[in-house]
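Okay, so here's the structure we're looking at.
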Amino acid sequence: MMKEGTKQFLAIDLGATSGRSIVGSVSEGKVCQQELTRFPNAIVEQGGHCYWDILSLYQEIIRALKTAAEQGIDIQSIGIDTWGVDFVCIGEDDALLRAPRAYRDTANFRGMDDYLKQVMTPEKLYKATGTQIIYFNSLFQLHTMRLDGDAALKHASQILFMPDALIWMLTGQRVCEQTIASTSQLINPHTKELDEELLSSVGLKRSMFGKQILPGTIVGTLSQEVQRLSGIGPIPVVAVAGHDTASAVAAIPAHNEHFAFLSSGTWSLMGIETPQPTVNEWSREHNFTNEGGIDGTTRFLKNICGMWLYEQCRKEGFKKKEERGERREEREHSRPLSHGELTELAIKAEPFRSLIDPDNPSFANPPSMVAAIQDYCQRTNQPIPESAGELCRCIFESLALRYRQVFFWLREAAPFSIDTLHIIGGGSLNGMLNQFTANACGIDVLAGPQECTAAGNILMQAKAAGKVADRWEMRQIVANSTELRHFSPQQQHVWDEAYNHFLDILSRY
Numbered sequence: 150m151m152k153e154g155t156k157q158f159l160a161i162d163l164g165a166t167s168g169r170s171i172v173g174s175v176s177e178g179k180v181c182q183q184e185l186t187r188f189p190n191a192i193v194e195q196g197g198h199c200y201w202d203i204l205s206l207y208q209e210i211i212r213a214l215k216t217a218a219e220q221g222i223d224i225q226s227i228g229i230d231t232w233g234v235d236f237v238c239i240g241e242d243d244a245l246l247r248a249p250r251a252y253r254d255t256a257n258f259r260g261m262d263d264y265l266k267q268v269m270t271p272e273k274l275y276k277a278t279g280t281q282i283i284y285f286n287s288l289f290q291l292h293t294m295r296l297d298g299d300a301a302l303k304h305a306s307q308i309l310f311m312p313d314a315l316i317w318m319l320t321g322q323r324v325c326e327q328t329i330a331s332t333s334q335l336i337n338p339h340t341k342e343l344d345e346e347l348l349s350s351v352g353l354k355r356s357m358f359g360k361q362i363l364p365g366t367i368v369g370t371l372s373q374e375v376q377r378l379s380g381i382g383p384i385p386v387v388a389v390a391g392h393d394t395a396s397a398v399a400a401i402p403a404h405n406e407h408f409a410f411l412s413s414g415t416w417s418l419m420g421i422e423t424p425q426p427t428v429n430e431w432s433r434e435h436n437f438t439n440e441g442g443i444d445g446t447t448r449f450l451k452n453i454c455g456m457w458l459y460e461q462c463r464k465e466g467f468k469k470k471e472e473r474g475e476r477r478e479e480r481e482h483s484r485p486l487s488h489g490e491l492t493e494l495a496i497k498a499e500p501f502r503s504l505i506d507p508d509n510p511s512f513a514n515p516p517s518m519v520a521a522i523q524d525y526c527q528r529t530n531q532p533i534p535e536s537a538g539e540l541c542r543c544i545f546e547s548l549a550l551r552y553r554q555v556f557f558w559l560r561e562a563a564p565f566s567i568d569t570l571h572i573i574g575g576g577s578l579n580g581m582l583n584q585f586t587a588n589a590c591g592i593d594v595l596a597g598p599q600e601c602t603a604a605g606n607i608l609m610q611a612k613a614a615g616k617v618a619d620r621w622e623m624r625q626i627v628a629n630s631t632e633l634r635h636f637s638p639q640q641q642h643v644w645d646e647a648y649n650h651f652l653d654i655l656s657r658y
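Residue numbers (the working numbering): 150 to 658.
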């Protein structure tokens with residue numbers, strides 16, 4: 150529980166499917182967190198494209214501030230983190246130009262293909278950025294918008310990445326925070342500055358972006374308008390590590406550098422923390438990315454399609470099996486299966502019956518994820534998963550085996566030995582997947598905390614306030630505050646055989 154009268158930091162943590170506001174404090178070597186509000190964040194499909202409802206997110210931040218004011222919570226500062234790559238176009242009249250496009254817009258595949266054929270080769274682009282070639286990177290989004298003659302981009306005088314755009318809406322200040330910018334494929338990994346040649350390749354200039362700043366910078370205070378709408382005072386806004394994964398990695402409860410991380414949520418991001426970027430032919434061939442971390446570090450990692458597969462299948466209706474004798478109307482309104490029930494069904498399902506490549510483009514944003522998985526299995530001459538248990542088992546085993554593939558690559562690239570894999574984020578609560586991951590990778594797994602991103606957000610605000618020295622003190626504070634779950638590898642030979650089968654499946658598609 151938080152001590153009455155203690156000044157609180159307000160973390161706005163926005164994910165690709167939901168958002169939350171969390172108040173936290175740091176005292177006696179521990180961080181204390183408490184959820185204030187929670188809300189959905191859904192992609193809006195309209196006119197053949199996918200968008201984010203940024204005005205709704207802004208309203209939810211106002212609601213969080215209003216709730217804090219009504220409850221008499223003494224807020225010391227505010228920080229915002231979001232998913233990466235997406236951005237907002239602002240016009241000369243200082244107004245939003247349309248809702249921002251969402252990274253899952255499949256038109257970006259077309260834009261990526263055209264850019265790599267007509268503008269710059271993959272080899273030259275990777276050498277310039279050290280960024281994983283993936284369809285949703287900001288560079289490819291911008292190129293796609295140019296191909297489409299997008300009116301918002303055509304009339305933009307400013308481009309702000311998502312957390313920076315929300316800071317602008319709250320304070321009127323325009324900045325370009327380093328960790329979020331590093332997800333764009335517009336940054337030189339060595340200078341950590343926006344690259345003029347890359348900007349020019351999509352018709353932009355450096356002056357269209359805000360002043361580049363480091364995480365932990367105090368940007369300004371809430372505007373008079375926001376103060377009036379929320380009933381709260383002129384609270385400072387801190388540019389924390391704006392990319393949610395950067396905030397999460399900052400709060401991993403590790404005691405030394407000998408660890409790999411798996412930020413497990415809608416996306417899985419697996420990597421290591423290094424003092425310098427790794428940009429060479431090996432990293433290009435294996436499509437690893439270099440993103441900014443705190444204290445001048447680099448997050449050398451790979452994006453993996455994570456719990457998105459499971460979330461989409463569950464949304465389609467993993468339903469509770471109807472009991473014999475149920476009436477039709479009762480069957481049609483049967484409740485969705487809980488996570489616990491789905492796990493039980495997955496445990497009972499046949500092991501390694503069907504496997505998929507989680508990063509196959511067919512799973513990017515299909516009309517039906519269940520159908521996409523079944524189609525993949527049919528194309529690769531495997532048994533088609535039909536039941537909820539079979540589908541869940543297929544997803545969890547496939548993710549664990551993909552994690553193994555990436556983890557072994559990381560071991561090859563790391564300038565140090567990797568002794569532990571830390572799993573953080575919402576996926577750290579999935580004991581079945583955590584155990585599968587330990588089994589597949591053959592390494593001890595430490596799971597937790599779930600709210601690692603919010604902890605990193607709060608602790609970066611504490612750092613800006615002079616209460617925390619560096620990332621190692623931050624991590625010690627998280628370790629003091631968290632009870633981690635330990636998973637040791639089991640059935641090593643079984644998973645070794647399954648991995649070989651997994652690689653064979655991938656070769657068939």
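C-beta atoms are modelled at their ideal positions from N, C-alpha and C, and glycine is treated no differently. Just so you know, these numbers come straight off a predicted model, no measurement behind them.
Between the CA atoms of residue j and residue i - distance to the nearest angstrom
i	j	result
residue 648	residue 255	30 Å
residue 603	residue 438	23 Å
residue 578	residue 304	45 Å
residue 202	residue 165	12 Å
residue 194	residue 365	35 Å
residue 585	residue 503	15 Å
residue 232	residue 641	35 Å
residue 158	residue 452	30 Å
residue 653	residue 263	31 Å
residue 411	residue 457	15 Å
residue 342	residue 213	33 Å
residue 482	residue 464	In this prediction, residue 482 has a pLDDT of 42, which is less than 50 and means its spatial position is unreliable; what the coordinates show is noted afterwards. Their backbone Cα atoms lie some 14 Å apart in a straight line.
residue 443	residue 593	26 Å
residue 432	residue 448	13 Å
residue 633	residue 571	10 Å
residue 345	residue 282	19 Å
residue 557	residue 607	33 Å
Nearest-angstrom Cβ-Cβ length linking residue i and residue j, presumed shorter than 8 Å
i	j	result
residue 601	residue 626	Not a contact, Cβ separation roughly 12 Å.
residue 109	residue 368	Limits of the chain in this structure are 150 at one end and 658 at the other, which puts residue 109 out of reach.
residue 320	residue 428	That pair is no contact at about 35 Å.
residue 496	residue 581	7 Å
residue 637	residue 587	6 Å
residue 419	residue 555	5 Å
residue 553	residue 589	4 Å
residue 251	residue 192	5 Å
Best match in the options for proximity to residue i [C-alpha to C-alpha]
i	options	result
residue 516	227, 182 and 253	253
residue 393	312, 380 and 460	312
residue 348	340, 336, 462 and 359	336
residue 426	224, 540, 408 and 445	445
residue 181	595, 160 and 192	160
residue 271	434, 643 and 658	434
residue 436	280, 590 and 460	280
residue 293	198, 391, 178 and 383	198
residue 228	326, 355 and 575	326
residue 567	531, 591, 155 and 409	409
residue 525	536, 258 and 509	509
Beta-carbon spacing of residue i, residue j below 8 Å
i	j	result
residue 323	residue 334	no
residue 505	residue 522	yes
residue 507	residue 559	no
residue 234	residue 190	no
residue 422	residue 440	no
residue 237	residue 314	yes
residue 230	residue 163	yes
residue 485	residue 624	no
residue 498	residue 460	no
residue 209	residue 240	no
residue 288	residue 295	no
residue 156	residue 223	yes
residue 328	residue 391	yes
For this session: Determine contact between the region 614–634 and the region 236–246, defined as no fewer than three beta-carbon pairs at a distance below 8 Å.
Result: no
Exercise. Are the region 256–276 and the region 212–224 touching, with three or more C-beta to C-beta distances below 8 Å?
Worked result: No, they do not touch.
For this session: Would you check if the region 373–384 and the region 415–430 touch, i.e. whether three or more CB-CB distances between them fall below 8 Å?
Result: Flag = no, the region 415–430 and the region 373–384 do not touch.
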